[in-house]
């Protein structure tokens, strides 16, 4: 009876779907039920499901100074080219959410409807690439899409598994879908300002989690679009790369994800705000905590440090004025 009850509970939980999708638990039923996609799919599962889902290839059509083709050189058969940049803000604030109207245009061009089962595929080069998929997943989720998944390991895992590629361009029949972003799920700079200025111990404490590498958190380096160095006061550091297998864009097994979160004190009932430089690495922390580990109080601050650093607000770990001047001199002269 206890085993049966436990199985029933797992089947009903979002985290269980994530486990199933990662291939940690066998589930023939999942392969026959694309409407029950978990947050992550294995290569094998996508191979079985790809004719029943819409696959978004979020690589830019060309990459690097030499403009090397990506999508046209080979993609998962049936995948739509949906460049990450189409979901991002301007160069001076890349993490900014695009407008409802612009997102609706993107969705319509891709022929998407909110009830479609959608799998987001990134290049798979490294953990940072997973962040792009997580950010697209988050954007679609707050816009009302409910059947979303990410291919674990991205296109690299697909190729490594010797799955076939296609060079045939896929053109979607445009949809009429109009979307509206749920702003209650989007943390703003003004809200972060209020969190920073709130006295300690005043009601429920919201945690701020900085998902960047330690050199950003410590104020040693900054994003090119950020105005200043450092992190948001009261922030805790948790590098999003800790969720992944070494030098990989594949997530750790489910039990290890849970153990990492427990050891870092990230399993909590406290409201949590995930941020980074531009809401990219932070999207990974949000994804693992919210979608895989069931932490319902986690929200994303999409504009993150780039916007915060331009708002004249206090920063922690900000270097001295002399250090800042020296860094600016080095940047301008190349010395």
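Numbering (this note's numbering), first residue to last: 1384 to 1718. Just so you know, even glycine gets a beta-carbon here, dropped at the ideal spot from N, CA and C. Quick caveat, the model's predicted, so the values are computed rather than measured.
Only counting the same chain, and skipping five residues up and downstream in sequence, which positions put a Cβ closer than 8 Å to that of residue i?
i: residue 1546; result: 1426, 1430 and 1459
Is it true that the CB of residue j sits closer than 8 Å to the CB of residue i?
i: residue 1611; j: residue 1701; result: yes
i: residue 1588; j: residue 1510; result: no
i: residue 1682; j: residue 1570; result: yes
i: residue 1470; j: residue 1489; result: yes
i: residue 1655; j: residue 1687; result: no
i: residue 1698; j: residue 1614; result: yes
i: residue 1537; j: residue 1434; result: no
i: residue 1501; j: residue 1439; result: yes
i: residue 1465; j: residue 1663; result: no
i: residue 1457; j: residue 1548; result: yes
i: residue 1761; j: residue 1568; result: Within the shown structure, residues of the chain are numbered from 1384 to 1718, placing residue 1761 beyond reach of any answer.
i: residue 1535; j: residue 1634; result: yes
For residue i and residue j, what's the separation of their Cα atoms in angstroms?
i: residue 1639; j: residue 1651; result: 17 Å
i: residue 1479; j: residue 1591; result: 19 Å
i: residue 1705; j: residue 1679; result: 43 Å
i: residue 1703; j: residue 1540; result: 44 Å
i: residue 1476; j: residue 1605; result: 14 Å
i: residue 1503; j: residue 1709; result: 42 Å
i: residue 1532; j: residue 1499; result: 11 Å
i: residue 1673; j: residue 1555; result: 31 Å
i: residue 1653; j: residue 1454; result: 42 Å
i: residue 1620; j: residue 1552; result: 42 Å
i: residue 1714; j: residue 1603; result: 14 Å
i: residue 1462; j: residue 1522; result: 19 Å
i: residue 1473; j: residue 1582; result: 34 Å
i: residue 1448; j: residue 1437; result: 30 Å
i: residue 1445; j: residue 1505; result: 14 Å
i: residue 1422; j: residue 1577; result: 32 Å
According to the neighbour-count rule (16 or more other Cβ atoms, all chains shown, within 10 Å of its Cβ), is residue i buried or exposed?
i: residue 1695; result: exposed
i: residue 1628; result: exposed
i: residue 1442; result: buried
i: residue 1562; result: buried
i: residue 1451; result: exposed
i: residue 1550; result: exposed
i: residue 1496; result: exposed
i: residue 1645; result: exposed
i: residue 1543; result: exposed
i: residue 1507; result: buried
i: residue 1428; result: buried
Using a Cβ-Cβ cut-off of 8 Å, state whether residue i counts as contacting chain B.
i: residue 1517; result: Any reference to chain B falls outside this structure, which holds one protein chain only.
Just grab the DSSP bridge partners of residue i for me.
i: residue 1614; result: 1699
i: residue 1531; result: 1501
i: residue 1619; result: 1592
i: residue 1438; result: 1502
i: residue 1630; result: Paired residues: none, contrary to the question.
To which residues of the same chain is residue i closer than 6 Å at the C-beta, ignoring the five residues directly before and after it?
i: residue 1618; result: 1591 and 1593
i: residue 1659; result: 1594, 1595, 1665 and 1687
i: residue 1670; result: 1517
i: residue 1565; result: 1525
Between which residues of its own chain and residue i is the CB-CB distance below 7 Å, once the five residues before and five after are set aside?
i: residue 1691; result: 1572, 1575 and 1615
i: residue 1494; result: 1555, 1556, 1557 and 1558
i: residue 1668; result: 1592, 1594, 1621, 1623 and 1657
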